[in-house]
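Counting in our numbering, the sequence shown runs from -5 upward without gaps.
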Amino acid sequence: MKSFIEQAKFYAEYHQKPITFYTHLVGIPLIIFSLMIFLGFFHLIVPGVLDSTLAEIATVVTLIYYLYLNWRLGLVLVPIFIFILWITNFISWAGPTSGALWTFVILFVLGWILQLAGHYMEGKRPALLDNLWQALVAPLYLTAELLFKAGRMQKLHAAIHDEEAVTATTNPDQKKDSNMDDTQ
């Protein structure tokens, strides 16, 4: 199994422009939300022992995978996914009613329209066409990028984007000066 850094590097190659990031920032949660509604229609029931939906099982498995890839990013996503699951359970609890089905279809299609629009503007096809696992890595990658924009996890940012991390103990101006010395 590839590490998160390897998968994120692959994902980053397909997502260079800011517009792609922003369309994915809306599109991916819409797709996740819609899939949780859909998976919430299906129950796994063992009388007297278990009554769970596929959405709950998929959420737990996905979060375990995220925690395995990067526990810090996974911890950020745990409350977010649980909150989304809680909301989608209200929509899907009665089964595939017309309202729940339409909510699923509209959000799923809208999420994919945003995804494809972002890739059209990027000029690159979606990463999941080359590696289906990228669909699962996308929420973790977006979470990392949001934290990078907030100035967090700079070592991870440097590892993903092949840059030298600027930390509190390094001086970015010193790095520029040393690069100038190497070229002379």
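A virtual CB, placed ideally from N, CA and C, is assigned to each residue, including glycine.
Residue j and residue i - do their beta-carbons sit closer together than 9 Å?
i	j	result
Ile22	Leu136	yes
Ala52	Met30	yes
Gly68	Leu57	yes
Ser28	Phe98	yes
Ala6	His155	yes
Leu108	Val54	no
Val72	Leu61	yes
Ala94	Ile81	no
Between the Cα of residue i and the Cα atoms of the options, which residue gives the shortest distance?
i	options	result
Lys11	Lys118, Phe142, Leu134 and Ala144	Lys118
Thr17	Trp127, Leu110 and Ile154	Leu110
Glu50	Gln128, Glu139 and Ile26	Ile26
Trp106	Ala94, Pro120 and Val70	Pro120
Met(-5)	Val40, His9 and Tyr59	Tyr59
Arg66	Ala152, Trp96, Ala94 and Leu141	Leu141
His9	Val70, Asn64, Gly145 and Gln128	Gln128
Leu63	Glu0, Gly145, Lys143 and Ala152	Glu0
Who pairs with residue i in a beta bridge, going by DSSP?
i	result
Ser46	Leu38
Between residue i and residue j, which are expected to be in contact by the criterion C-beta below 8 Å, what is the C-beta distance as a whole number of angstroms?
i	j	result
Leu122	Phe(-2)	With 8 Å as the limit, Leu122 and Phe(-2) do not qualify as a contact, their Cβ atoms being about 16 Å apart.
Phe14	Met115	Here residue 14 is Thr; the residue named in the question, Phe, does not match the sequence. Going by Cβ atoms, the distance from Thr14 to Met115 rounds to 7 Å, so yes, they are a contact pair.
Ala138	Leu150	6 Å
Leu104	Leu24	6 Å
Phe4	Asn83	No, Phe4 and Asn83 are not in contact; Cβ-Cβ is about 33 Å, not under 8 Å.
Tell me, please, whether the CB atom of residue i is closer than 9 Å to any CB atom in chain B?
i	result
Ala138	Considering every chain present, this structure includes no chain B. It has just one protein chain.
request  = Inspect the CB distances between the segment 31 to 38 and the segment 87 to 97 and report whether three or more fall short of 8 Å.
outcome  = yes
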